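A short worksheet on the structure shown next.
In this note's numbering, the protein residues as written are 380 to 530.
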């Protein structure tokens, strides 16, 4: 066997040995996608009254929090206040350097993972370096939809 034949067989062997890995990767991602519950598709366009639907009650109950960074004019964080049961919405961008805050229900805090700023569930700063409170958004429920006024 000459060098050219040998190299072509090595190439074919490498391709053939990687094919099962590629197929397995594609197959497992398709399975996980099909077993995941799909989110409810809703119309997120802004209505005449300035509100837009950013989630459903079912999504909120299932996940505990809804975040929307692409449909609204600002990044939105929606959660149910653990003490009052009221559904609230805030601009999820930390007022320090703009990282997205996370809802920590067990701690009853909104926490910035970047520099550890902390806010109470009313959006007030309880641990700096955040200089200002989070901006609240008006929120209401219509049937199953959660409507937020971000403007």
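Backbone N, C-alpha and C fix where the C-beta goes; we use that ideal spot for every residue, glycine too. Here the structure is a predicted model, which is why all the values come from computation and not from measurement.
Short Cβ contact (8 Å threshold) for residue i with residue j
{"i": "residue 444", "j": "residue 458", "result": "yes"}
{"i": "residue 530", "j": "residue 429", "result": "yes"}
{"i": "residue 509", "j": "residue 478", "result": "no"}
{"i": "residue 482", "j": "residue 516", "result": "no"}
{"i": "residue 513", "j": "residue 489", "result": "yes"}
{"i": "residue 423", "j": "residue 432", "result": "yes"}
Straight-line gap, residue i to residue j (C-alpha atoms, nearest Å)
{"i": "residue 454", "j": "residue 448", "result": "4 Å"}
{"i": "residue 466", "j": "residue 460", "result": "6 Å"}
{"i": "residue 395", "j": "residue 381", "result": "21 Å"}
{"i": "residue 393", "j": "residue 476", "result": "48 Å"}
{"i": "residue 527", "j": "residue 425", "result": "9 Å"}
{"i": "residue 521", "j": "residue 507", "result": "36 Å"}
{"i": "residue 442", "j": "residue 421", "result": "17 Å"}
{"i": "residue 523", "j": "residue 464", "result": "16 Å"}
Three-way DSSP call (helix, strand, coil) for residue i in this model
{"i": "residue 480", "result": "coil"}
{"i": "residue 459", "result": "strand"}
{"i": "residue 529", "result": "coil"}
{"i": "residue 470", "result": "strand"}
{"i": "residue 442", "result": "helix"}
{"i": "residue 399", "result": "helix"}
{"i": "residue 384", "result": "helix"}
Counterpart residues of residue i in DSSP-defined beta bridges
{"i": "residue 447", "result": "455"}
{"i": "residue 434", "result": "525"}
{"i": "residue 505", "result": "Answer is none; residue 505 lacks a bridge partner."}
{"i": "residue 488", "result": "483"}
{"i": "residue 517", "result": "528"}
{"i": "residue 497", "result": "490 and 506"}
heavy atom of the ligand ATP below 7 Å from residue i C-beta
{"i": "residue 481", "result": "The ligand ATP is not among the ligands present in this structure, which contains no ligands whatsoever."}
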